[in-house]
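What follows is a set of notes on a single structure, which appears directly below.
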């Protein structure tokens, strides 16, 4: 073991491949017995993959559509009721009496185009906003003005995503792993929390 | 086998892809040594290495329709065997840590005797003893040195192929092989001194 050739030969012997001893026959036997080689099994695997892909696609599409929801149906959302406050005409003008005291939803009648409303999140039923007219102006300008980075102003509501139920998946352990005992609730994030200073 | 002995590898691959078992068997014969040696370098145990090598061939046969020839079929097969062997090694390592089994091949069992016609019984015993001790010393090397050393010493793969298998630059592989030899030589010298004293 004093020279490299001796060491190399000894090392090479550690990974010597040896004789065939039916290696090829064993490989071919495994291939023949592989369940993947059977058409029925391949069809079942393809079906399961297709079903899984369909479930995932439905979940993704449902959540995406919910987050993209805009318009009258969102304005009627009971989760995040909004109040519309007309802009005061001067800094000393009193706020509209309906605005701070209103606890209901936005009225169904659409506001006039000239009236600049501001959107304000209702934190709780007992907490009322105490804002000065100047603060109302600042909030109005920032809430209705353009948002940076091309952010689009979209109203969102809480989304409950019903995952696959155990009854639907039956005895399939692969699909059963996807089932959740409780629906997943995605809480919305208000735009006021995203844009500082509003 | 005579029908597949002269055909090119691409042709064999095409025929195997079309379901020709004999063609795939010919590919197995051609690349068996390279695949087994990679598995053996990772696992150090012939039984596990052959099992992993067979599994690599089976999986590659199953995925043969995805093989586009970006690398050679041999590289593809060896890479598959190497990944499977590393997975097996991690699994075996957990059992070793739990004390359920000893490290495979530590005592040199399962090491194939290379064909060497005509040695005397003393020479055979001496060579077996050297290999047994060497196997133990090689196993004591860290995997980052042991893997490139065994792959390189097998003479089956180029430095570039080893680098691709290990996911390391070629220069790093060369250094690791050199460092592994140095460490191994030091260990051998210590063993020799301890035997003479």
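Chains as they are written, first to last, in our numbering: chain A, 1 to 198; chain B, 1 to 197.
Ideal Cβ placement from N, Cα and C applies to all residues, glycine included.
Taking just the CA atoms, how far does residue j sit from residue i?
i	j	result
residue 78(B)	residue 9(A)	22 Å
residue 162(B)	residue 54(A)	42 Å
residue 16(B)	residue 43(B)	29 Å
residue 46(B)	residue 53(B)	10 Å
residue 186(B)	residue 124(B)	25 Å
residue 61(A)	residue 152(B)	52 Å
residue 143(B)	residue 12(B)	36 Å
residue 46(A)	residue 59(B)	17 Å
residue 27(B)	residue 83(B)	20 Å
residue 20(A)	residue 21(B)	17 Å
residue 37(B)	residue 148(B)	12 Å
residue 156(B)	residue 141(B)	21 Å
residue 179(B)	residue 145(B)	7 Å
residue 166(B)	residue 64(B)	23 Å
residue 25(A)	residue 39(B)	19 Å
residue 189(B)	residue 49(B)	30 Å
residue 86(B)	residue 12(A)	20 Å
residue 23(A)	residue 177(B)	30 Å
residue 122(B)	residue 132(B)	15 Å
residue 66(B)	residue 189(A)	44 Å
residue 29(B)	residue 27(A)	10 Å
residue 35(A)	residue 62(B)	11 Å
residue 55(B)	residue 81(B)	8 Å
residue 72(A)	residue 48(A)	Confidence is the limiting factor: at residue 72(A) the pLDDT is only 49, short of 50, which leaves the residue's position unreliable, though a coordinate-based value still follows. Looking at the two C-alpha atoms, the distance is approximately 40 Å.
residue 146(A)	residue 157(A)	22 Å
residue 125(A)	residue 187(A)	For residue 125(A), the predicted structure reports a pLDDT of 46, less than 50, and the residue's modelled location is therefore unreliable. A value from the coordinates is still provided. Going from the Cα of residue 125(A) to the Cα of residue 187(A) covers about 19 Å.
residue 14(B)	residue 164(B)	25 Å
Taking the DSSP output, what are the residues bridged to residue i?
i	result
residue 185(A)	160(A)
So, under 8 Å CB-CB, residue i and residue j are touching, yes? Tell me the CB distance rounded to an integer number of Å.
i	j	result
residue 6(A)	residue 154(B)	Incorrect: roughly 16 Å between the Cβ atoms, too far for contact.
residue 32(B)	residue 51(A)	Not a contact, Cβ separation roughly 39 Å.
residue 173(B)	residue 159(B)	6 Å
residue 9(B)	residue 73(B)	6 Å
Sequence ranges, beta strand (DSSP E) only - wholly within the segment 119-169 of chain B, length at least 3: Whole beta strand (DSSP E) segments, 3+ residues: zero.
Residues of the segment 45-58 of chain B whose Cβ lies closer than 8 Å to any Cβ of chain A, in chain order: Close to chain A, meaning a Cβ-Cβ distance shorter than 8 Å, are the following residues of the segment 45-58 of chain B: 46, 50, 53, 54, 55, 57, 58.
Members of the segment 9-21 of chain A near chain B, C-beta cut-off 9 Å: Answer set for the segment 9-21 of chain A: 9, 10, 11, 12, 13, 14, 15, 16, 17, 18, 19, 20, 21.
Residues from the segment 11-43 of chain B in contact with chain A, defined by Cβ distance under 7 Å: Identification of residues in the segment 11-43 of chain B having a C-beta nearer than 7 Å to some C-beta of chain A yields 21, 25, 28, 29, 32, 33, 36, 37, 40, 41, given in sequence order.
Against chain B: residues of the segment 50-67 of chain A by CB proximity under 9 Å: Answer in chain order: no residues at all.
Near-chain A residues of the segment 77-97 of chain B - C-beta to any C-beta below 7 Å: Answer set for the segment 77-97 of chain B: empty.
Short-range partners of chain A found in the segment 121-149 of chain B, where Cβ spacing is below 8 Å: The segment 121-149 of chain B vs chain A, Cβ under 8 Å: 130, 131, 134, 135, 138, 149.
Positions along the segment 62-77 of chain B whose CB lies within less than 7 Å of some CB in chain A: From the segment 62-77 of chain B, only 62 have a Cβ closer than 7 Å to chain A.
Alpha helix (DSSP H) runs contained entirely in the segment 48-101 of chain B, provided each spans 4 or more residues: Listed in chain order, the complete alpha helix (DSSP H) runs (minimum 4 residues) inside the segment 48-101 of chain B are 73-97.
Where the segment 152-175 of chain B meets chain A: residues whose CB sits under 9 Å from a CB there: Listed by position along the chain: 152, 153, 154, 155, 156.
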